[in-house]
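One structure is given here, and the rest of the page talks about it.
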Ligand code: APR
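Numbering (our numbering), first residue to last: 20 to 255.
Okay, here's the thing in C-alpha cells:
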C-alpha cells in the first residue's frame, strides 16, 4: 500500500454515503451533513458526493477529510483504526525502535503452572535517535532496564501467545517511545499495550505469577492490536 496517497488509503476502507445522517462526526464534532472541521493541507478537492464515508466493516461514519487528517497524524503505515470501536483496517504497525527479541525454554515451572517448563523472552533495545514516527524526531531516546526478561508458561496456550508476540514484534507493537508511567521519564522506550510478566518466581511488582487470567488478557490485548491466530494464518 506504500506509494498511495493518504486519501487513497482511507478510501480503500470506505463505502459511499449518499445521505449523511443527522449526526456529528466524532472526529471534528461538526455535523456530518456539513463540512469537516479539518481543512489541513492535502485534504482539499474532495467533492460533496464523497465528503462522508462509512467504514466498511464496523459501519461508523466520518468526514473523509477527518479520516485523512487522522491518518496523517499517525505513522502512515497503510492501516486505519476506527476511533469509535477500534476496528482495524489493514495491518496495524507501531513505532517500536530497532532491537532484538529472543526466547528459549528454561527447565523450571512458574507459580500457577506446575506441569510445564517456562519460556523466557529477552528483549533488547539500545538507546538511539527518534525517527519521524516518534514524539520528538531527531531527539535521543533512552532505554532503561534492558535486556528485559519476560516469562510465559511453556504450555500449548503459552506457545500460542509466544507466536503472536513474535508477530507483534515484527509489526513493532511491543514497545513504543514516550513517557514512562512508572518513572515519569520522557523520550524513553516504554511497554506498549501488551502486558508482559517480568518476574519469575515472585510477584512483588504485580507483573509476576501466579495470574490465572494472564494468557487470556494478553490474547485480548493482542487482538486489540489486530493480532489473532486466524488473522495471521489468513495473511500467510
Ligand atoms: N513489568 C512488566 N510490565 C510493566 C512493568 C514491569 N516491571 N512496569 C510497568 N509495566 C506495564 C504497565 O502496567 C503498563 O501497562 O507497562 C505498561 C507501561 O508502563 P510504563 O511504566 O510506561 O512502561 P515502562 O517504563 O516500559 O516500564 C517500567 O518495566 O520492565 C520494567 O525495567 C522496566 O522498570 C521498568 C518498568
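Glycine residues also receive a C-beta, built at the ideal position from the N, C-alpha and C atoms.
In this text the structure is predicted, and so the values were computed from the model without any measurement.
- Under the DSSP assignment, residue 120 falls in the beta strand (DSSP E) whose first and last residues are 119-125.
- In this structure, residue 143 sits near residue 119, with a CB-CB distance shorter than 8 Å.
- Taking 4 residues as the shortest admissible run, the stretch 169-231 contains the following complete alpha helix (DSSP H) segments, listed from N- to C-terminal end: 175-189.
- Taking the Cα positions, residue 132 is about 13 Å away from residue 125.
- With fewer than 16 neighbouring CB atoms inside 10 Å of its own CB, residue 75 falls in the exposed class.
- Here DSSP, grouped into helix, strand and coil, assigns residue 105 to coil.
- Listed in chain order, the non-local C-beta contacts of residue 85 below 6 Å within the same chain comprise 44, 46, 47, 55, 57, local neighbours out to five positions each way being set aside.
- Relative to residue 244, the option among 107, 90, 87, 101 whose CA is nearest is 107.
- Proximity of the stretch 177-194 to the stretch 234-241 meets the contact definition, three or more beta-carbon pairs being nearer than 8 Å.
- Considered as a whole, the stretch 22-77 harbours 25-31 as its complete alpha helix (DSSP H) runs of no fewer than 4 residues, in chain order.
- Listed as beta-bridge partners of residue 147 by DSSP are 160.
- Using a C-beta cut-off of 8 Å, the stretch 201-211 makes no contact with the stretch 170-181, since fewer than three inter-stretch Cβ pairs fall below that distance.
- Closer than 7 Å to some heavy atom of the ligand APR: that does not describe the Cβ of residue 45.
- The straight-line gap separating the alpha-carbon atoms of residue 104 and residue 250 is approximately 18 Å.
- Judged by DSSP in its simplified three-state form, residue 80 adopts strand.
- Judged by DSSP in its simplified three-state form, residue 233 adopts helix.
- Per the C-alpha coordinates, the member of 163, 171, 232 positioned closest to residue 203 is 163.
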